[in-house]
Each structure stands twice: as C-alpha cells, then as structure tokens.
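Position in the sequence shown (from 1) plus 23 gives the number in the working numbering.
Ideal placement from N, C-alpha and C gives every residue a C-beta, glycine not left out.
It should be emphasised that the depicted structure is a prediction, and the values quoted were computed from it without experimental measurement.
Here the structure is laid out as structure tokens; the discussion comes afterwards.
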Amino acid sequence: MSNRSTYFKMTFIAISTGLFAGILVFGLFDINFSDTEALKNLLLKSLVIAVGTGLILGILNMFLKIGNFQKKGNS
24 MSNRSTYFKM
34 TFIAISTGLF
44 AGILVFGLFD
54 INFSDTEALK
64 NLLLKSLVIA
74 VGTGLILGIL
84 NMFLKIGNFQ
94 KKGNS
C-alpha cells in the first residue's frame, strides 16, 4: 500500500499547490483589494478547487500509477 500512497501524495501535492497558486494569482488581477469579502471568496474558491482536483487526480493516479518516481536506495 505504500507504493500506492506515494503515487497519491506526489500527484496530490503537485496538482494542489500549482492549481492553488495559479487560480489565486489569476484571480488577483480581477478583484478590488479593498473588498475583503472578495478576497476571502477568492481564497476559499481557489483552495476548494485545488484540493478537490488534487484529490480526484490523486485517486486516479493511485490506481493507474502514471509517473516515473525514483525509489530511494539504502546507501
């Protein structure tokens, strides 16, 4: 099970952080910085979308095992 969890973690972390940063930066161009409600909505929206997409793709990659992750040696 450790091998499957590695595929999940690597995919989840990579997709979630990249998508969160991308949506947040892209959304900052469109909002008014004096409106705190809009900032909260943007932060929450980008977090939910990033985590949801990361979960879905991480679970898919757990079973499909797409990726070329190097194994650590005991040296």
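Q. Should I79 go down as buried or exposed, given a rule of 16 or more other Cβ atoms within 10 Å for buried?
A. When all chains shown are included, I79 counts as exposed.
Q | For N55, the three-state DSSP class (helix, strand or coil) | A | Assignment of N55 by DSSP, reduced to helix, strand and coil, places it in the coil class.
Q.
So for I89, helix, strand or coil by DSSP?
A. The answer is coil: DSSP assigns I89 none of H, G, I, E or B.
Q: Please confirm whether M85 and F31 have their CB atoms less than 7 Å apart.
A: For M85 and F31, yes; Cβs fall inside 7 Å.
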